[in-house]
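Beneath this line is the structure, given in structure tokens, with notes to follow.
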Amino acid sequence: MDRKLELNIIKIYLMAFFQAAMVITAIYVPLLQGYGLTMAQVMQTQALFALTVAVSEVPSGYLADLWGRKNTIVCGAALCAIGFSLLCFADSYWEFMLYELILGVGISLNSGADLALLYDTQSYLSRHESAVSNGQHISRLISLEGVAGAVAAVLASILMIWSLQWVVLIQAIVGFAPLLIALTLVESPREISVSGHRENATRVKAAIIEKPLVLSITLTLIVFNLAAIYGFWLYQKYWEVRGIPLTYFGYLWALHCLVRSIAARFANEVESLFGSRLTLLLVAILNIVGLAGMALTPGLIGVYLALLLPISRGVGSVILYDGLNKRLTSEFRATVNSLVNLGFRSIFILTGPLLGVLTDRYGVESSLLLLAAVFTPTFGFVLFLLFRSIREEKALVEIEEHSATSINQPIS
Numbered sequence: 000m001d002r003k004l005e006l007n008i009i010k011i012y013l014m015a016f017f018q019a020a021m022v023i024t025a026i027y028v029p030l031l032q033g034y035g036l037t038m039a040q041v042m043q044t045q046a047l048f049a050l051t052v053a054v055s056e057v058p059s060g061y062l063a064d065l066w067g068r069k070n071t072i073v074c075g076a077a078l079c080a081i082g083f084s085l086l087c088f089a090d091s092y093w094e095f096m097l098y099e100l101i102l103g104v105g106i107s108l109n110s111g112a113d114l115a116l117l118y119d120t121q122s123y124l125s126r127h128e129s130a131v132s133n134g135q136h137i138s139r140l141i142s143l144e145g146v147a148g149a150v151a152a153v154l155a156s157i158l159m160i161w162s163l164q165w166v167v168l169i170q171a172i173v174g175f176a177p178l179l180i181a182l183t184l185v186e187s188p189r190e191i192s193v194s195g196h197r198e199n200a201t202r203v204k205a206a207i208i209e210k211p212l213v214l215s216i217t218l219t220l221i222v223f224n225l226a227a228i229y230g231f232w233l234y235q236k237y238w239e240v241r242g243i244p245l246t247y248f249g250y251l252w253a254l255h256c257l258v259r260s261i262a263a264r265f266a267n268e269v270e271s272l273f274g275s276r277l278t279l280l281l282v283a284i285l286n287i288v289g290l291a292g293m294a295l296t297p298g299l300i301g302v303y304l305a306l307l308l309p310i311s312r313g314v315g316s317v318i319l320y321d322g323l324n325k326r327l328t329s330e331f332r333a334t335v336n337s338l339v340n341l342g343f344r345s346i347f348i349l350t351g352p353l354l355g356v357l358t359d360r361y362g363v364e365s366s367l368l369l370l371a372a373v374f375t376p377t378f379g380f381v382l383f384l385l386f387r388s389i390r391e392e393k394a395l396v397e398i399e400e401h402s403a404t405s406i407n408q409p410i411s
């Protein structure tokens, strides 16, 4: 069993690689604009994707907790493969919307389940001293996703020598790899809830609401992920405005992915060096400086400053997701991870199209400045709550340790 579970981790790594190897992403905005879609309509397709994921997110995470991680992942991978295949034939606004709908359901089934399976596997193997720590695994996972994105982006630039349709075709082929890998996964031994749905909902609520630090980490993850997805969809429009040829988009995207990969790989070392609080504060500052720098600086300077965003995302994701998952039991780990995704995607559903309209009317620089202005106090608020919860948890641990020591001391 242990050998199969060790292979499980390798397979999850491979799945993450191929899922992140989105060849289409680096040129998706120009692709849709080539079919006559405006920037507002592009953001509408992403809002539908976010809505689909949001509606499916928590049920899919709950399904993974009760039905099994592997079964849920296989279904999600199959839907993603179907979605990428349909993209080969899409050439209108509504056909792209259908693609986003199918992809959204597929990704929502994978979201939370793959991370939960990774942590379940790690937890089972951690009874051996040689087991790799959770933090190292999540760091490697996010780093590997960055490398996959970089490879896919370079491949997209090469394929564009012939046509955009070659990019779409290769994406459809790559999209079947996660399904083939998912079929070979092994479910990790764990306790599965046999309680009723209402009782389970109460226990999930207790896992978040009644633990201040878990709630604070969840809120911080929602805000940081929201900032990341906004920047993610403004990059390509920004490069276009700065006069960068479309053929270079893939290479720029690859650079962003590699920077995020390197940042994620060394996130644990950075946290050990500076501490979690100072590291997260720096993550927030880098994000704000990146957004404002893109808007306010001329020429290629803004393009270079944009690299602060993947650094922020890489380090922040590792620290926060590891901090959250190691404080959750395996019973409802997938559900809570899905709730995080539900949180930031729900907000994006309402605000994403508005950001697209703002970009069409006033320019991408205005959108970036607005994001910097909004997220400066928002980062400050969630980090204040998080740091306070960290202090309270440390104080509680010290009290418990002191009480245990006092009990074990002989009465004089």
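Each residue of the sequence shown is one higher than the one before, counting from 0 in numbering that gives the first Met the number 0.
Note that the Cβ used here is the ideal one computed from N, Cα and C, for glycine as well.
Given the structure is predicted, the values throughout are model-derived calculations rather than measurements.
Tell me the rounded alpha-carbon separation between Ala294 and Gly301.
7 angstroms
Do the region 374–382 and the region 73–88 make contact, defined as three or more Cβ pairs closer than 8 angstroms?
no
Per DSSP, what kind of secondary structure is Ile410 in: helix, strand or coil?
Unreliable positioning characterises Ile410 in this predicted model, as indicated by a pLDDT of 35, which lies under 50. The coordinate reading is nonetheless provided below. Ile410: coil per DSSP, three-state reduction.
For Ala294, report the span of its alpha helix (DSSP H) as first-last.
Ser275 to Leu295
Outcome for Arg390 when other beta-carbon atoms lying within 10 angstroms are tallied against a minimum of 16:
exposed
Beta-carbon proximity of Ala155 to Ile243, cut-off 8 angstroms:
Contact: no.
Express the C-alpha separation of Lys69 and Glu186 in angstroms, rounding to a whole number.
6 angstroms
On the criterion of 16 or more Cβ atoms from any shown chain inside 10 Å, does Leu299 qualify as buried, or is it exposed?
exposed
Under the assumption that Ile141 contacts Ser337 (Cβ atoms under 8 angstroms), give the Cβ distance between them as a whole number of angstroms.
With a Cβ gap of about 18 angstroms, Ile141 and Ser337 do not count as contacting.
Just verifying my parser: in three-state terms, what is the DSSP assignment at Asp119?
helix
Could you have a look at Ile241 and say whether DSSP puts it in helix, strand or coil?
Here residue 241 turns out to be Arg, not Ile, going by the sequence shown. Coil, per DSSP.
Which first and last residues belong to the alpha helix (DSSP H) in which Arg312 is found?
Leu307 to Asn324
Look at the alpha carbon of Ala46 and the alpha carbon of Leu319, and state the distance between them as a whole number of angstroms.
Rounded to the nearest angstrom, the two C-alpha atoms are 25 angstroms apart.
Kindly list the residues whose CB is nearer than 8 angstroms to the CB of Leu78, restricted to its own chain and excluding five residues on each side of it in sequence; keep chain order.
Ile101, Leu102, Val104, Gly105 and Leu108
Helix, strand or coil, according to DSSP, for Phe48 in the structure here?
helix
Should the region 353–368 be called in touch with the region 170–182, which here means at least 3 C-beta pairs below 8 angstroms?
no
Proximal residues to Glu399 (C-beta, below 8 angstroms), its chain only, five neighbours per side dropped:
With a pLDDT of only 45 at Glu399, under 50, the local geometry of the prediction cannot be trusted, and the value read off the model is given with reservation. So no residue of the chain qualifies.
From Thr278, Met14, Phe95 and Phe273, pick the residue whose C-alpha is nearest to that of Ile23; which is it?
Phe95
With C-beta atoms as the reference, is Arg276 less than 8 angstroms away from Phe386?
yes
Between the CA atoms of Leu225 and Pro211 - distance to the nearest angstrom:
21 angstroms
Three-state secondary structure (DSSP) at Lys3?
Lys3 falls in the helix class under three-state DSSP.
I'd like the list of long-range same chain contacts for His196, defined as Cβ closer than 6 angstroms, with 5 residues on each side in sequence excluded.
With a pLDDT of only 45 at His196, under the threshold of 50, the placement of this residue in the model should not be trusted; the figure read from the coordinates follows. Counting only Cβ-Cβ distances below 6 angstroms, and skipping sequence neighbours, we find nothing.
Here's the rule I'm using: 16 or more other beta-carbon atoms within 10 Å means buried, otherwise exposed. How should Glu144 be labelled?
buried
Would you tell me roughly how many angstroms separate the C-alpha atoms of Leu97 and Lys393, rounded to the nearest one?
Leu97 and Lys393 have their C-alpha atoms roughly 49 angstroms apart.
Helix, strand or coil at Tyr34 [DSSP, three-state]:
coil
For Ile261, which option in Val335, Pro309 and Leu384 has the closest C-alpha, if you only look at C-alpha atoms?
In terms of CA proximity to Ile261, Pro309 leads the group Val335, Pro309 and Leu384.
Using only CA atoms, which one of Pro29, Gln121 and Trp93 lies nearest to Tyr12?
Gln121
Residue nearest to Ser388 in terms of C-alpha spacing, selected from Thr296, Ile221, Ser215 and Gly292
Ser215
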